[in-house]
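First the structure, in the form of structure tokens, and then the observations on it.
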């Protein structure tokens, strides 16, 4: 029997496990598959805690990656840093400070209930089939100055829509690892967390994504204001983020600046007003529109269709029409005319062929017995249901699906986006507004799919004021 010598496995880098394991936070908008990724990687022991002052909760567990580990946190969805909602603000505070809020936030009525160290790596879960709106959030989160990894989830749905994303180019432009995933099938999950582990080890932050030059030059005054050591110590946030939030007139950041530095509040308001002079719209709207434009430009530069070589013939024709600087508006108006034709002419024809004939057929029956009266009432109710669903809801749902899958809706949204910014919405809700003329139900459903957070609420409320043909039928 020979004496076996122990085998020594050299480790080039220290293992990240135990007390050294990094904290990785899953962030992203609603319905991007963030929780699906967490469930695919989560261990048996999952800890659930409430956010400070919010009914929503976050989940946390330890995930083993070979010999190493990470603490994985699934935070509630965050829509945007533009005009922060209460829920989005609390999530941002956890991302920035964890449970150790700075002096400006210690007066908050509800403080963190459980220990929560700020995450060292952010994993932004983006919907590859609707990437443009998630790229805008990526530009915002890059201001946090944390290592970040982007999970391009639902890549299968993007391929079905004919979208082919240049992952390498997107990674180079943002300066972060980008990993394609299909969460519900478990594809790309291991690669995603391997990239997150490497990001924690390298501590490489995203490339700076400053606003356009004509806006950045106007923010020098605000930048100098927040560069004071006492302001930086009080807020403990990256300077670019604080400047952006003050420029966008964020109530919370401006209020905290006024509460702790009263003399600086009026100066910040004056500098913001000075920066907005000469712009075609308010400075906050200009910053938002600029970020939306940069996200759209980035999306166009990394997206191709038809196997990434050449576009399909009919898709190229759609681009030539709807994205043309002169004919784009005419093409959008043609789509609006088609929607109105479906709402009024086609619906009227279907109504005459279905519910009108059924109503005429039942009209001649005047029952005299109690049972007959009950049957007649049921028949009238069914005819009314047919009169709403078949002429109005059914053709509009079919039209909505056709516009969505053909890509026409996204192109129309791009054309009318600037006009809808004036009422605080994106152009994606234009077609749902027109569909509301036929029936509010599919219109609100379409708006819910096209918008997020605050915009979804505004669109749904406005659609209820659109005169609905189905209700007046």
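In this note's numbering, the protein residues as written are 295 to 767.
Idealized CB from N, CA, C, for every residue including glycine.
Based on DSSP bridge pairs, tell me the residues matched to residue i.
i: residue 363; result: 358
i: residue 341; result: 354
i: residue 597; result: 459
Give the DSSP-derived three-state secondary structure of residue i in the structure shown.
i: residue 321; result: strand
i: residue 685; result: helix
i: residue 420; result: strand
i: residue 734; result: helix
i: residue 679; result: helix
i: residue 368; result: strand
i: residue 664; result: helix
i: residue 760; result: coil
i: residue 559; result: helix
i: residue 507; result: helix
i: residue 659; result: coil
i: residue 604; result: Note on residue 604: pLDDT 48, under 50, position unreliable in the model; the coordinate value appears next. Note: residue 604 maps to coil in three-state DSSP.
i: residue 251; result: Summary: the structure shown does not reach residue 251, with the chain confined to residues 295 through 767, and so no result is reported for it.
i: residue 548; result: helix
i: residue 502; result: coil
i: residue 523; result: helix
i: residue 314; result: helix
i: residue 346; result: coil
i: residue 693; result: helix
i: residue 622; result: helix
i: residue 745; result: coil
i: residue 402; result: coil
i: residue 574; result: coil
i: residue 377; result: coil
i: residue 530; result: coil
i: residue 701; result: coil
i: residue 469; result: coil
i: residue 713; result: helix
i: residue 439; result: coil
i: residue 480; result: coil
Residue i: buried (16+ other C-beta within 10 angstroms of its C-beta) or exposed?
i: residue 376; result: buried
i: residue 421; result: buried
i: residue 474; result: buried
i: residue 327; result: buried
i: residue 351; result: exposed
i: residue 568; result: exposed
i: residue 387; result: buried
i: residue 549; result: exposed
i: residue 750; result: buried
i: residue 601; result: Low confidence applies here, because residue 601 scores a pLDDT of 48, under 50, leaving its location unreliable and the question unanswered by this model.
i: residue 717; result: exposed
i: residue 547; result: buried
i: residue 758; result: exposed
i: residue 736; result: buried
i: residue 354; result: buried
i: residue 538; result: buried
Report back the beta-carbon spacing between residue i and residue j to the nearest angstrom; my notes put them in contact at under 8 angstroms.
i: residue 450; j: residue 476; result: 5 angstroms
i: residue 724; j: residue 710; result: 5 angstroms
i: residue 493; j: residue 471; result: 6 angstroms
i: residue 464; j: residue 596; result: 4 angstroms
i: residue 616; j: residue 706; result: 6 angstroms
i: residue 540; j: residue 562; result: 6 angstroms
Got a sec, what are the start and stop residues for the alpha helix (DSSP H) residue i sits in?
i: residue 719; result: No alpha helix (DSSP H) holds residue 719; DSSP gives it neither H nor E.
i: residue 425; result: 425-435
i: residue 411; result: Here residue 411 belongs to no alpha helix (DSSP H), and DSSP marks it neither H nor E.
i: residue 310; result: Residue 310 -> no alpha helix (DSSP H), and no H or E assigned at all.
i: residue 536; result: 533-541
i: residue 483; result: 483-496
i: residue 329; result: 328-335
i: residue 382; result: 380-391
At what residues does the beta strand (DSSP E) containing residue i begin and finish?
i: residue 645; result: Premise fails: residue 645 lies in the alpha helix (DSSP H), 641-647, not in any beta strand (DSSP E).
i: residue 474; result: 472-474
i: residue 443; result: 442-447
i: residue 457; result: 457-459
Would you say residue i touches the ligand ATP, meaning its beta carbon is less than 7 angstroms from a heavy atom?
i: residue 589; result: Although the ligand ATP was asked about, the structure shown includes no ligands whatsoever.
Answer yes or no: does any C-beta atom of chain E fall closer than 8 angstroms to that of residue i?
i: residue 323; result: No chain E appears in this structure, which consists of one protein chain only.
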